[in-house]
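Protein chains in written order, with the numbering used here: chain Y, 1 to 153; chain P, 154 to 306; chain G, 307 to 459; chain L, 460 to 612.
Just so you know, even glycine gets a beta-carbon here, dropped at the ideal spot from N, CA and C.
Shown next, in structure tokens, is the structure this report addresses.
There are 4 protein chains.
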Amino acid sequence: MSRFVPKSRDFEARVRDSFARQGAMALIGARLERVEPGAVDIAVDFRPEVSQQHGFFHGGIVGTIADSAGGYAAFSLMPDDATVLTVEYKINLIAPADGERLIARGRVIKPGRTLTVAHVDVYVHRDGHDHNCATMLQTLMTMAGRADAPKQR
Amino acid sequence: MSRFVPKSRDFEARVRDSFARQGAMALIGARLERVEPGAVDIAVDFRPEVSQQHGFFHGGIVGTIADSAGGYAAFSLMPDDATVLTVEYKINLIAPADGERLIARGRVIKPGRTLTVAHVDVYVHRDGHDHNCATMLQTLMTMAGRADAPKQR
Amino acid sequence: MSRFVPKSRDFEARVRDSFARQGAMALIGARLERVEPGAVDIAVDFRPEVSQQHGFFHGGIVGTIADSAGGYAAFSLMPDDATVLTVEYKINLIAPADGERLIARGRVIKPGRTLTVAHVDVYVHRDGHDHNCATMLQTLMTMAGRADAPKQR
Amino acid sequence: MSRFVPKSRDFEARVRDSFARQGAMALIGARLERVEPGAVDIAVDFRPEVSQQHGFFHGGIVGTIADSAGGYAAFSLMPDDATVLTVEYKINLIAPADGERLIARGRVIKPGRTLTVAHVDVYVHRDGHDHNCATMLQTLMTMAGRADAPKQR
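Here's what the structure looks like:
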């Protein structure tokens with residue numbers, strides 16, 4: 001399906017392990033769904049704890065799962081001895097995130113040895129349909145020779 | 154101190170009330186600190202629930218409080234019958250958010266009737282010092298004639 | 307072909323007239339190619355006058371035609387009494403703009419009464435192929451009741 | 460004045476030589492003004508050739524000199540055997556660029572071995588004052604071991 005060839009045979013396990021170590025993903029109730037080379041989807045269900053003042057999904061939640069979806073899409077193409085870092089992103093919130101479920105679909109546009117560019121679209125599920133509520137353009141960096149593990153204190 | 158004159162006499166109460174209605178801010182443990190015309194600071198203390206896989210603050214948390222700090226800085230200058238909407242933002246994560254406390258300082262660069270532009274710097278407190286770990290450029294929209302209140306279902 | 311219905315019957319003439327009044331487009335040798343509702347392409351041929359220090363197309367030229375392509379894609383959907391303003395854009399230069407011809411393809415993602423969001427991809431033609439060299443995400447504003455004409459001095 | 464220490468003793472000559480090789484800067488009539496470690500200013504005078512359809516400076520010209528000012532501010536801190544590449548930038552056009560002269564002031568926020576982040580403010584001179592008309596946040600990359608010279612065909 002994907003047009004990218006992963007450098008790690010264990011790319012899916014590596015993504016799922018890393019995601020499981022992110023306290024913030026558990027806190028907001030995010031789930032890792034699709035994991036393919038260069039393509040990762042992350043979803044979160046609505047509850048009052050992820051809302052803003054009008055009762056929609058908070059923009060920060062939208063940005064958080066989009067950042068993670070694009071970051072893991074990039075990470076899925078990186079070699080075994082590397083980790084990923086978000087350099088920067090820009091997000092447009094194009095419609096209110098008003099619905100039962102959010103899903104961020106991260107896709108690598110351009111993989112690179114040092115920098116990877118990803119595009120992420122976020123959809124909110126309402127009345128049986130997915131509505132595009134945000135779009136992100138993101139730059140990621142490969143941190144070579146650095147395991148994707150917790151820092152040692 | 155501030156070079157902006159607020160349109161609402163109750164600007165500070167309006168910001169604090171709106172912030173208190175955001176479930177997502179409570180979930181991540183964010184606190185509203187400084188509220189002045191065009192200038193709002195938001196802080197969050199470190200705990201594992203706001204971490205990424207290396208044990209630093211998650212980039213999504215950094216983005217979330219930065220988005221809120223810039224958004225409320227813009228909202229503090231809006232009239233009583235208006236609410237604020239984030240149009241878009243771009244954030245550069247310039248250093249690891251490794252420390253005990255994050256603080257996002259949102260400042261309006263250019264207020265406008267329809268659009269407001271804000272700049273936000275995020276600092277992480279570590280070893281007694283604040284380190285600049287992220288910088289954001291953000292566009293906000295005034296939604297006139299729309300109270301800053303929950304949607305009616 | 308396009309999924310958007312233009313508000314002006316003269317949308318194409320309006321885009322072509324406005325483009326013809328831009329001194330900067332003539333200066334860099336840019337040509338307006340495709341003009342459809344919500345979709346505008348702008349091309350420029352290589353010559354030393356549009357280069358940077360390595361002999362590729364200058365990033366500013368890439369950004370300039372991308373900004374215009376997205377802006378005119380938005381303008382093509384606006385009513386007769388309105389003009390367009392670029393609010394902001396973000397561009398990733400994903401490959402060297404090394405080739406004979408640049409083409410920027412501007413596409414509206416989300417039209418709106420006040421704000422429109424566009425996506426622009428820029429391709430450089432080299433060795434018989436178009437290579438994606440830049441990608442832009444852009445926010446445009448409708449200035450209602452303001453003719454798209456020169457200011458009066 | 461500057462808080463940065465340049466890695467090259469010839470940083471100013473390197474910036475001026477590179478600028479002089481950019482055909483696009485000559486085409487638009489841009490002048491290199493201030494060159495200090497991490498700080499570069501570029502100016503351009505108004506003439507119809509750099510205008511958009513309303514007779515102001517074209518947004519592409521604003522973006523072009525801002526991109527160059529930030530890029531050269533980053534380059535001024537790089538070692539002798541390196542060149543600079545713009546990874547991406549985001550620009551907000553916060554006021555009409557209506558005036559006699561534009562000046563872009565590029566300042567490094569965070570220099571790095573691989574990536575540098577710069578902030579650029581653009582001012583338009585009108586009626587004896589400089590008005591802030593655009594603000595940019597930009598990511599640059601150091602290309603080590605690659606001279607800042609034309610490509611060999």
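Nearest residue (CA-CA) to residue i, options the options
{"i": "arginine 113 of chain Y", "options": "G:Glu394, G:Ala401, G:Lys313", "result": "G:Ala401"}
{"i": "histidine 119 of chain Y", "options": "Y:Met25, Y:Gly63, Y:Phe11, Y:Gly99", "result": "Y:Gly63"}
{"i": "proline 264 of chain P", "options": "P:Ala177, P:Met294, P:Val193, P:Arg258", "result": "P:Met294"}
{"i": "alanine 375 of chain G", "options": "G:Leu443, G:Arg452, G:Asp454, G:Ala450", "result": "G:Leu443"}
{"i": "leucine 391 of chain G", "options": "L:Phe478, L:Phe463, L:Phe516", "result": "L:Phe516"}
{"i": "valine 393 of chain G", "options": "G:Asp387, G:Asp373, G:Glu406", "result": "G:Asp373"}
{"i": "glutamate 165 of chain P", "options": "P:Arg156, P:Ala177, P:Glu186", "result": "P:Glu186"}
{"i": "arginine 452 of chain G", "options": "G:Tyr395, G:Ile397, G:Phe381", "result": "G:Phe381"}
{"i": "histidine 131 of chain Y", "options": "Y:Leu102, Y:Tyr72, Y:Leu27", "result": "Y:Leu102"}
{"i": "threonine 116 of chain Y", "options": "Y:Tyr123, Y:Val122, Y:Asp98, Y:Gly106", "result": "Y:Gly106"}
{"i": "glycine 224 of chain P", "options": "P:Ala250, P:Tyr242, P:Val277", "result": "P:Tyr242"}
{"i": "phenylalanine 157 of chain P", "options": "P:Ile195, P:Val197, P:Ala250, P:Ala226", "result": "P:Ala226"}
Residue i, enclosing alpha helix (DSSP H) - first and last residue
{"i": "leucine 140 of chain Y", "result": "Run containing leucine 140 of chain Y: none in the alpha helix (DSSP H); it sits in the beta strand (DSSP E), 129 to 144."}
{"i": "glycine 530 of chain L", "result": "518 to 534"}
{"i": "isoleucine 181 of chain P", "result": "176 to 181"}
{"i": "alanine 97 of chain Y", "result": "Premise fails: alanine 97 of chain Y is in no alpha helix (DSSP H) and is neither H nor E."}
{"i": "valine 15 of chain Y", "result": "11 to 20"}
Run of the beta strand (DSSP E) containing residue i, from where it starts to where it stops
{"i": "isoleucine 415 of chain G", "result": "407 to 416"}
{"i": "alanine 349 of chain G", "result": "345 to 351"}
{"i": "histidine 584 of chain L", "result": "574 to 585"}
Closer than 7 Å to chain G by CB, residue i
{"i": "lysine 160 of chain P", "result": "no"}
{"i": "glycine 482 of chain L", "result": "yes"}
Interface residues of chain G facing residue i [CB-CB closer than 7 Å]
{"i": "threonine 267 of chain P", "result": "Thr420"}
CB contact check: residue i to chain L, cutoff 7 Å
{"i": "valine 356 of chain G", "result": "yes"}
{"i": "glutamine 444 of chain G", "result": "no"}
{"i": "glycine 344 of chain G", "result": "no"}
{"i": "glycine 451 of chain G", "result": "no"}
{"i": "leucine 333 of chain G", "result": "yes"}
Neighbour list for residue i in chain L, Cβ cutoff strictly below 9 Å
{"i": "threonine 288 of chain P", "result": "Ile568, Lys569, Val576, His578, Leu596"}
CB contact check: residue i to chain Y, cutoff 7 Å
{"i": "threonine 295 of chain P", "result": "no"}
{"i": "alanine 166 of chain P", "result": "no"}
{"i": "aspartate 283 of chain P", "result": "no"}
{"i": "aspartate 317 of chain P", "result": "The structure shown does not extend to residue 317 of chain P, since chain P spans only 154 to 306, so no value can be given for it."}
Chain P within 7 Å of residue i, Cβ atoms only
{"i": "aspartate 127 of chain Y", "result": "no"}
{"i": "aspartate 45 of chain Y", "result": "no"}
{"i": "aspartate 41 of chain Y", "result": "no"}
Cβ-based contacts, 8 Å cut-off: residues of the region 393 to 424 of chain G near chain L: Val393, Glu394, Tyr395, Lys396, Ile397, Asn398, Leu399, Asp404
Chain Y contacts from the region 208 to 234 of chain P (Cβ-Cβ distance under 9 Å): Gly208, Phe209, Phe210, His211, Gly212, Gly213, Ile214, Gly216, Thr217, Ile218, Ala219, Asp220, Ser221, Gly224
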